[in-house]
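Chains as they are written, first to last, in the numbering used here: chain L, 1 to 167; chain F, 1 to 167.
Take a look at the structure set out below.
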DNA sequence: GGGAAACCGTTATTGACTGTAATCGTTCTT
DNA sequence: AAGAACGATTACAGTCAATAACGGTTTCCC
C-alpha cells in the first residue's frame, strides 16, 4: 500500500473545496487587516464599532455575546476606543452595574472610513469575478453559512485553530 | 429585551462578500482542526506531511519556504512527527548541514487517515450545495486565489491578523 | 589552499493573545 | 433583609509565533 489513490491521488490541492475556502478566507481576512492597519484598527475593532452603531446603548456583555468574544477581552479594546474618543461608556440609567455603549461623532466618522476601506477591500477581493458571478458566489457562501449554523453578522474568532495549515 | 433592530446597516451582513469569505473560511478551518484533533494532529502537521510526501527528501528549509513558515517553527513540529515515527530525518548525502526529510510507512498511513478526515470534512462543509454548485464554487474560489496571487497548495498561515474579527 | 561569506538547523528569548478564574459592586428574588 | 445571580474588571496562566543569536558546513574567490 504505497500509494493508493482512493478518490484521486491525494487531498490534491487541485480539488480541496474546503481548503480553498479557508485559504481564500484567510487571505481575505489578512488583506483586510492590512488595509485597516493604517487607520489604527484591527478587525475586531471594526466589528465592535459596527455592532455598537447597529444597536446603540447595549452593554458590554451583550456586545461580547453577539460577537462571540469574552467580556474580559472586550474591556481592553473598549478602553482603547474610548481613549481615542470613538466610543462612550455612559452608565445605564436602569442598571448601574452595566454601561451603555454609544458611538461618538468621531466614532461614526471612523466607522465611515472603515466602511470605505471595506468596500475597497471587497472590490479587490472580488476582482477576478464578474458582477453576476460575485452574486452567485455570495449566494453559495450564504447557503453554506446558514447550513453550518453560522450567525449572519458574526464570525468565528479563530479559536485554537493551530494557525498554520488547513484543508 | 429589545431585539437588535437592523436600524441601518452599512456593511450589511446581506452584502459583505469579503466578510462571507473569511467567515466561512475561518469556520471551515476551525472545523477541520476539530476533526484532526482526535488523530493527534494540528492542521500544520497535515500540511507538513502532505508536502513531504509530495516532494520526498526535501530539506527543512525548502519545506519551510514552501509552506511559508519559519524554519524555527518547523524544528519543533518535525521533532514531534519524528518522535511519533512518521517522518525521518536522514542526513543528506551531498550536503551535511541539511537533512533530507522522508515519510515512513507509518507516516504514509497517517496521511491516509488525514485524507479520509479531509474528505469527510469537505463533504460536510459543502453539504448545502449540489454537486455542480460545489464545482462552480470551487471554480470561483480558484479564480480568486489565482488573481490574488495565492500559491495553489499553500495557504496564508494566519499572520498577525489580530485574530478576532474580520470583514 | 585558505579565509570570508552564505547557508542549514537549532536554541533561546521576546512578545502577542486568549481563555479561566477570582474580585467588587449592583440588582433580583423570596 | 439575605443570598444568589449578574456585569465589568483585574490578575493569571498557557499557547504560540517571530526575531535574533549560535555552532557546524559548504561555497566562493583571491
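C-beta atoms are modelled at their ideal positions from N, C-alpha and C, and glycine is treated no differently.
Measure from the alpha carbon of residue i to the alpha carbon of each residue in the options, then state which is nearest.
i	options	result
residue 81(L)	101(L), 66(L), 28(L), 18(L)	101(L)
residue 116(F)	26(F), 28(F), 39(F), 20(F)	39(F)
residue 129(F)	148(L), 113(L), 123(L)	148(L)
residue 35(F)	152(F), 93(F), 124(F), 96(F)	124(F)
residue 46(F)	143(F), 104(F), 113(F), 83(F)	113(F)
residue 83(L)	104(L), 31(L), 96(L)	104(L)
residue 88(F)	94(F), 143(F), 53(F)	53(F)
Report yes if the CB atom of residue i is closer than 7 Å to the CB atom of residue j, and no otherwise.
i	j	result
residue 121(L)	residue 18(F)	yes
residue 49(F)	residue 111(F)	yes
residue 28(F)	residue 28(L)	no
residue 119(L)	residue 126(L)	no
residue 141(L)	residue 24(F)	yes
residue 137(F)	residue 107(F)	no
residue 156(L)	residue 26(F)	yes
Tell me which residues share the same chain as residue i and place their Cβ nearer than 8 Å to its Cβ, disregarding the 5 neighbours each side in the sequence.
i	result
residue 60(F)	71, 74, 75, 78, 98, 99, 101
residue 109(F)	none
residue 37(F)	none
Leaving out five residues on either side along the sequence, give the residues of the same chain with a beta carbon under 6 Å from the beta carbon of residue i.
i	result
residue 166(F)	Confidence at residue 166(F) is low in this model, with a pLDDT of 43, below 50, so its placement is unreliable and no value can be given for it.
residue 64(L)	71, 74
residue 33(L)	43
residue 131(F)	none
residue 55(F)	none
Sorted by chain position, which residues of the same chain lie with C-beta nearer than 7 Å to residue i's C-beta, five sequence neighbours on each side aside?
i	result
residue 51(L)	63, 66, 67
residue 160(F)	Note that residue 160(F) has pLDDT 38, beneath the 50 cutoff, so the model's placement of it is unreliable and no number is given.
residue 14(L)	Since pLDDT at residue 14(L) reaches only 48, below the 50 mark, its modelled position is unreliable, and no value is offered.
residue 90(L)	99, 100, 102
residue 198(L)	What is shown of chain L runs 1 to 167, which leaves residue 198(L) out entirely.
residue 95(L)	none
Determine which residues of the segment 30 to 45 of chain L have a Cβ less than 7 Å from any Cβ of chain F, and write them out in chain order.
30, 32, 33, 42, 43, 44
*Output, in sequence order along the chain, the residues in the segment 133 to 149 of chain L whose CB is closer than 8 Å to any CB in chain F.*
133, 134, 136, 137, 138, 140, 141, 142, 143, 144, 145, 146, 147, 148
May I ask you to list, following chain order, the residues of the segment 116 to 133 of chain F that have a beta carbon less than 7 Å from some beta carbon of chain L?
118, 119, 121, 122, 125, 126, 127, 128, 129, 133
Practice task
Pull out every residue of the segment 71 to 89 of chain F whose Cβ sits closer than 9 Å to any Cβ of chain L, in chain order.
Solution key: 73, 77
Cβ-based contacts, 9 Å cut-off: residues of the segment 103 to 114 of chain L near chain F: 111, 112, 114
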